[in-house]
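Visitor: Here you go, one structure.
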Amino acid sequence: MITLLHLSDLHLGWQPKFLGAKAAERAEERNQLLKKAVAVALNPSHKVDVVIIAGDLFEHHSPDAPLVEAVLQQLSHLTQQGKLLLTVPGNHDEISYRDSVYRLYADRWPGLLVTAPEPSHVGSRVIRGEAIHFYSVAYTGGITKCGAPLTNLPRLESAGFHVGVFHGSLDCPVTWRSLPLASNSLAIAKYDYIALGHFHQAKAARVGNGVAAYCGATMSKGFDDLGTGVVQLVELSAGRVELRTVPILSRPQKVMEMPLDGLTEAEVDEYLATMKDEQAIVRLVLSGTAAPGVQSAKVAALAQSLFYHCEVVDNSDEFSVSYLEEVGREMSVRGFFVKGLLTEAMGTPLVEEKELLFQAMRRGLRAFKGGH
225 MITLLHLSDL
235 HLGWQPKFLG
245 AKAAERAEER
255 NQLLKKAVAV
265 ALNPSHKVDV
275 VIIAGDLFEH
285 HSPDAPLVEA
295 VLQQLSHLTQ
305 QGKLLLTVPG
315 NHDEISYRDS
325 VYRLYADRWP
335 GLLVTAPEPS
345 HVGSRVIRGE
355 AIHFYSVAYT
365 GGITKCGAPL
375 TNLPRLESAG
385 FHVGVFHGSL
395 DCPVTWRSLP
405 LASNSLAIAK
415 YDYIALGHFH
425 QAKAARVGNG
435 VAAYCGATMS
445 KGFDDLGTGV
455 VQLVELSAGR
465 VELRTVPILS
475 RPQKVMEMPL
485 DGLTEAEVDE
495 YLATMKDEQA
505 IVRLVLSGTA
515 APGVQSAKVA
525 ALAQSLFYHC
535 EVVDNSDEFS
545 VSYLEEVGRE
555 MSVRGFFVKG
565 LLTEAMGTPL
575 VEEKELLFQA
585 MRRGLRAFKG
595 GH
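Read left to right, the sequence shown gives residues 225 to 596 (our numbering).
Listed below in structure tokens is the structure:
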């Protein structure tokens, strides 16, 4: 059996500007991601033989020199410990440019660095007595043909495992700066495993007799681009490809929803307290209908103090008494509906009856808006 560590889309050097004063700290946390992945590869319990970087190791084709030096040092640890390293440029860290990191540091890059502008056999090794062959391409503007999905993919007529490594879009419409790939062409190539990069969500599928997989981006970027929190191991043995993941400890980033329906002001405070996580980067989505006295602006202000960073999205309906009085003055069916129930609600001394009347108004107003 041969074990691969499949990485992609680390995007080292990315700046999370939405974090404001905390952006530099978060950027450094991202830059430590490779070090954590290397630690997984060097952990004897995982028995990693090969490390594949399937594109977008860096956020930019010309990252800062100190970052590049730190990366070279980490990658050298792999090769010094006998691990085979294969690095493929992506579209963020494209090799096309004269000042591309992969051109300027080509002579110092550890392991196999893919520079071929067309799909090629890029190397073979014998590991644990079994041969393994690699095929890849480094997208190069003006040279790599990408107007249609790649065809005529290479494959040696040799025994062993055959692994394709591509940074591109599988079975998607052809777009600018995206290397198009098609399952039928990959199936014809008869690769045992296709290590993919470019899409940040992890997914895998059978392609012919092999498996094609995006390992996903380990660390989140924005809230619409959440990371997997893991790295992917691939175990190759005769007639079998098995994927498993290893968690990577990092600052949590998540989207959380807080439904306000039926919560009093005190209950809102208690609910928020249970969500507190001073290490987390959070988007808090307020939903439902706020009860009278519950102000979404106040909820948002309190939430800011409970997390490392909190972005509040207010999707709630806030029906204050003043708002309901304003609606009740409308000369419309909606206005007459609200005016009657509001008059009754303000006149009853019974708390439960008052809440039922307010609930009826909330539901009625949602129905008038076309909601449920």
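We put the CB at the ideal spot given by N, CA and C, even for glycine.
Which class does G571 belong to by DSSP, given the choice of helix, strand or coil?
Guide: The answer is helix: DSSP assigns G571 an H, G or I state.
Visitor: Within 10 angstroms of its Cβ, does H596 collect 16 or more other Cβ (buried), or is it exposed?
Guide: Caution is warranted here: a pLDDT of 46 is assigned to H596, below 50, making its placement in the model unreliable, and the coordinate value is therefore given only provisionally. That one is exposed.
Visitor: Alpha carbons only, please: which of E568, L394, V398, A263 is nearest the one belonging to A426?
Guide: Residue L394 is the option with its Cα nearest to A426.
Visitor: Contact between the region 498–505 and the region 558–571: three or more CB pairs below 8 Å?
Guide: No: the two stretches stay apart, fewer than three of their Cβ pairs being nearer than 8 Å.
Visitor: When burial is assigned at 16 or more other CB atoms within 10 Å of the CB, is E494 buried or exposed?
Guide: Exposed.
Visitor: Quick one: residues in its chain with C-beta nearer than 7 Å to the C-beta of Q239, no 5 flanking neighbours on either side, listed in chain order?
Guide: Cβ within range, chain order: A247, A251.
Visitor: Report all residues from its chain with a CB closer than 8 Å to the CB of N255; omit the five preceding and five following residues, and keep chain order.
Guide: For N255, where only same-chain residues beyond five positions count, the Cβ hits under 8 Å are L236, G237, L291, A294.
Visitor: Under 7 Å: does the beta carbon of V518 sit that close to some heavy atom of the ligand GTP?
Guide: Absent from the structure shown: the ligand GTP. Ligands present: none.
Visitor: Drop a sphere of 10 angstroms on the beta-carbon of G392, count the other beta-carbons inside from all chains shown, and report buried for 16 or more, exposed for fewer.
Guide: Buried.
Visitor: Take the Cβ of D331 as the centre, count every other Cβ of all protein chains shown within 10 Å, and call the residue buried at 16 or more, exposed below.
Guide: By the 10 Å Cβ count, D331 comes out exposed.
Visitor: Measuring CB to CB, does L229 end up less than 8 Å from L258?
Guide: No; because the gap between Cβ atoms is not below 8 Å, this pair is not in contact.
Visitor: Pick out the complete alpha helix (DSSP H) segments inside the region 230–287, 4 residues or longer, and give them in chain order.
Guide: The qualifying runs are 247–255, 257–266.
Visitor: Which term fits P268, buried or exposed, when burial requires 16 or more other beta carbons within 10 angstroms of its beta carbon?
Guide: Classification for P268: exposed.
Visitor: As a quick exercise: from A490, S348, E535, L530, pick the residue whose alpha carbon is nearest that of A514.
Guide: Ranking A490, S348, E535, L530 by Cα distance to A514 puts A490 first.
Visitor: Taking three-plus beta-carbon pairs below 8 Å as touching, is the region 396–405 in contact with the region 350–358?
Guide: Cβ pair count under 8 Å is below three, so no.
Visitor: By DSSP, does S300 sit in helix, in strand, or in coil?
Guide: Of the three classes helix, strand and coil, the one that applies to S300 here is helix, per DSSP.
Visitor: Helix, strand or coil: how does DSSP classify Q583 here?
Guide: The answer is helix: DSSP assigns Q583 an H, G or I state.
Visitor: Does the region 520–539 touch the region 270–278, meaning 3 or more C-beta pairs lie closer than 8 Å?
Guide: The region 270–278 vs the region 520–539: no contact.
Visitor: With C-beta atoms as the reference, is T368 less than 8 Å away from L337?
Guide: No.
Visitor: Between L496, V545, Y532, V506, which lies nearest to V523 when the distance is taken from Cα to Cα?
Guide: The candidate whose alpha carbon is nearest that of V523 is L496.
Visitor: Hey, does V350 have any beta-carbon neighbour from chain C nearer than 8 Å?
Guide: Annotation note: the requested chain C is absent from the structure, which comprises a single protein chain.
Visitor: Quick check: what's the CA-CA separation for I549 versus T498?
Guide: It should be pointed out that residue 549 corresponds to Glu in this sequence rather than to Ile. Rounded to the nearest angstrom, the two C-alpha atoms are 34 Å apart.
Visitor: First and last residue of the alpha helix (DSSP H) that includes Y326?
Guide: Here the alpha helix (DSSP H) through Y326 covers 325–328.
Visitor: Rounded C-beta distance between G564 and H422? I'm assuming under 8 Å.
Guide: 58 Å between Cβ atoms; not a contact.
Visitor: Taking the alpha-carbon of I319 as reference, which of A355, L281, L420 has the nearest alpha-carbon?
Guide: Ranking the options by Cα distance to I319, first place goes to L281.
Visitor: Determine the DSSP secondary structure at D493, reduced to helix, strand or coil.
Guide: D493 falls in the helix class under three-state DSSP.
Visitor: Less than 8 Å between the CB atoms is what I'm expecting for L377 and Y359, so what's the real figure, rounded?
Guide: That pair is a contact at about 7 Å.
Visitor: Would you mind reading off the limits of the alpha helix (DSSP H) that contains L526?
Guide: L526 -> alpha helix (DSSP H) spans 520–528.
Visitor: Does the Cβ-Cβ distance between V465 and V506 come in under 8 Å?
Guide: No, they are not a contact pair.
Visitor: Measuring alpha carbon to alpha carbon, tell me which of S407, V454, M555, L380 ends up nearest S344.
Guide: S344 has its Cα closest to that of L380, out of S407, V454, M555, L380.
Visitor: Let me know the beta strand (DSSP E) ranges lying completely inside the region 405–493, each 3 residues or longer, listed in chain order.
Guide: 417–421, 427–431, 434–438, 454–461, 464–471, 477–483, all fully within the region 405–493.
Visitor: State yes or no: is the C-beta of S286 within less than 8 Å of the C-beta of Y321?
Guide: Yes. Within cutoff.
Visitor: By DSSP's criteria, S348 is part of a beta bridge. Which residues make up the other side?
Guide: According to DSSP, which records beta bridges pairwise, S348 is partnered with H357.
Visitor: Let's test the definition: count the other Cβ atoms within 10 Å of the Cβ of R553 and tell me whether it reaches 16, buried, or not, exposed.
Guide: Exposed, because fewer than 16 other Cβ atoms sit within 10 Å of the Cβ of R553.
Visitor: Taking buried to mean at least 16 other C-beta atoms within 10 Å of its own C-beta, is Q477 buried or exposed?
Guide: Buried.
Visitor: Is DSSP giving L403 helix, strand or coil here?
Guide: It is coil, neither helix nor strand.
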